[in-house]
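Undergrad:
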Amino acid sequence: MQDWKTLQEKVEHLTRELASAKRTIATLEGYPKEEKSARKLIVVKNLHKYYKNVKAVDGVSFEVYEGEIFGMVGPNGAGKTTTIECIEGLRRPDRGTISVLGLTPWKDGHALRQEIGMQLQEGNLFYRITVKETMKLYSSFYSQPASWQDLIKKLGLEDKQNVYYEKLSGGLKQRLTVALALMGKPRIVFFDETTTGFDPQARRNMWNLIREIRAEGITVFLTTHSMEEAQELCDRVCIIERGKIVALDKPVTLIQNLGAESKVAFNVGQAVEPETFQHLSGVNKVEKVDGQIIIYGNGKDIMAALIGMEGISLPDLEIKQPTLEDVYLTLTGRDYRD
Ligand SMILES: Nc1ncnc2c1ncn2[C@@H]1O[C@H](COP(=O)(O)OP(=O)(O)OP(=O)(O)O)[C@@H](O)[C@H]1O
Ligand SMILES: [Mg+2]
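Per the numbering used here: the sequence shown = residues 9 to 346.
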């Protein structure tokens, strides 16, 4: 009996090692390469979730590939947390299907929770226990947990080990929930607005941590209100608005497709008029404000044309490229939501 158990443990161990080696190879080969050939770890089809008469998620379909950092952005109340919670198996969809690692989340919750890590937007932990005790407690939930000491180091919580959860600042509480999400050595990890409330250093450190997590072969699904974060970190970004997906692609493609304008500005003497630049290739509009020429259009073309112009110097040149934030505001508008 004992031998059989040992053998079983060995097989489990080897299976994990093999999966981990495969993930490392995949990462070294530069995932996600061809999206179509990458494995789909999450497949969401026509997902609907209503709260009474609120259509929180209203027919959403998308896929998440192995090894990618997938971001979901959208205004308050757009349906991000509801979507994530359905994928995590915490809510049962009203309509549509979800497959995560081949499992159906609301049915196979127990098996799924051994494979995924969750950092919840409303992560209420036990108030009257310390950081270290919380880590040890969570570590006991898994058959092969990560080292909690390493995680505490990774998240910069070493000097807070003996502090009660209730005494931690908002950002530190959030970092603790990140450490807990990684405790079970997950294959997919979900971060719901993790960096909200982080100071700039903590935010950059979190970005680096997310990149490290991905380099280890873990797939990351995150939501954020920071377009800078989404543009910087995510391989693909899904923009959701009132429960429906309005765009989904690589940040650079979203920016290109929208045709958002660059802005090129420089100072000129009083004698130079805006019309001088209107005919240049790539130019949509030219303004002159307080002796500064501002040209809107295709940044690359405009720069090439300006450099080719005779007798023009470009003092105090500023170039502002369009960002994911421009795309986001164009697609979702500027009004308050929820
Ligand atoms: N438990 C609930 N009961 C009733 N309505 C809910 C519940 N949870 C969410 N909602 C509503 O469903 C809609 C989607 O909410 P959800 O929390 O998924 O949005 P979100 O995109 O995560 O927003 P945020 O950016 O503010 O976190 C909102 O209108 C919200 O008010
Ligand atoms: Mg939310």
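Idealized CB from N, CA, C, for every residue including glycine.
As the structure is a computational prediction, the values presented were derived from the model and not from experiment.
Taking just the CA atoms, how far does M191 sit from V19?
TA: Translated into positions along the sequence shown, residue 19 becomes position 11. Translated into positions along the sequence shown, residue 191 becomes position 183. V19 and M191: Cα-Cα distance of roughly 22 Å.
Undergrad: Could you tell me whether the Cβ atoms of L339 and E249 are closer together than 9 Å?
TA: Along the sequence shown, read from residue 1 onward, the residue named residue 339 stands at position 331. Along the sequence shown, read from residue 1 onward, the residue named residue 249 stands at position 241. Going by C-beta atoms, L339 is nearer than 9 Å to E249.
Undergrad: May I ask which residues mark the beginning and end of the alpha helix (DSSP H) holding K147?
TA: As a working mapping, residue 147 is identified with position 139 in the sequence shown. The residue asked about is misnamed: residue 147 is Ser in this sequence, not Lys. Element bounds for S147: V139 to S147.
Undergrad: Who are M126's beta bridge partners in DSSP?
TA: The residue given as residue 126 occupies position 118 in the sequence shown. M126 pairs with F198.
Undergrad: Hey, out of N292, T331 and F149, whose CA is closest to N265's CA?
TA: Mapped onto the sequence shown, residue 265 falls at position 257. Distances from the alpha-carbon of N265 to those of N292, T331 and F149 put T331 closest.
Undergrad: So which of V245, S289 and I124 has the shortest CA-CA distance to M317?
TA: Here residue 317 is taken as the residue at index 309 of the sequence shown, counted from 1. Measuring from the Cα of M317, the nearest candidate turns out to be S289.
Undergrad: Judging by CA-CA distance, which residue of E141, A189 and F198 is the nearest neighbour of C94?
TA: As a first step, residue 94 must be located in the sequence shown, where it is residue number 86. Taking each of E141, A189 and F198 in turn and checking the Cα distance to C94, the smallest one comes out for F198.
Undergrad: Compute the minimum distance between the beta carbon of T232 and the heavy atoms of ligand 2, and state whether it is under 8 Å.
TA: Looking up residue 232 in the sequence shown gives position 224. False, no ligand heavy atom lies under 8 Å from that Cβ.
Undergrad: Within a Cβ cutoff of 6 Å, which residues of the same chain sit near R195, ignoring the five residues on either side of it in sequence?
TA: For the purposes of this step, residue 195 is identified with residue 187 of the sequence shown, where counting begins at 1. These residues qualify, in order along the chain: E123.
Undergrad: From this set, K193, Y73 and T90, which residue's C-alpha is nearest A64's C-alpha?
TA: Along the sequence shown, read from residue 1 onward, the residue named residue 64 stands at position 56. When K193, Y73 and T90 are compared, the shortest CA-CA separation from A64 is found for T90.
Undergrad: Nearest-angstrom Cα distance between L111 and E71?
TA: For this step, residue 111 is matched to residue 103 along the sequence shown. For this step, residue 71 is matched to residue 63 along the sequence shown. Approximately 14 Å between the Cα atoms of the pair.
Undergrad: For chain B, is any of its Cβ atoms less than 9 Å away from the one on N61?
TA: Going by chain labels, chain B is absent from the structure shown, which holds only one protein chain.
Undergrad: So what does DSSP say about E333, is it helix, strand or coil?
TA: Walking along the sequence shown from the start, residue 333 turns up at place 325. Looking at E333 - three-state DSSP - the assignment turns out to be helix.
Undergrad: P208: buried (16+ other C-beta within 10 angstroms of its C-beta) or exposed?
TA: The residue you call residue 208 lines up with position 200 of the sequence shown. The residue in question, P208, is exposed, as its Cβ has fewer than 16 Cβ neighbours within 10 Å.
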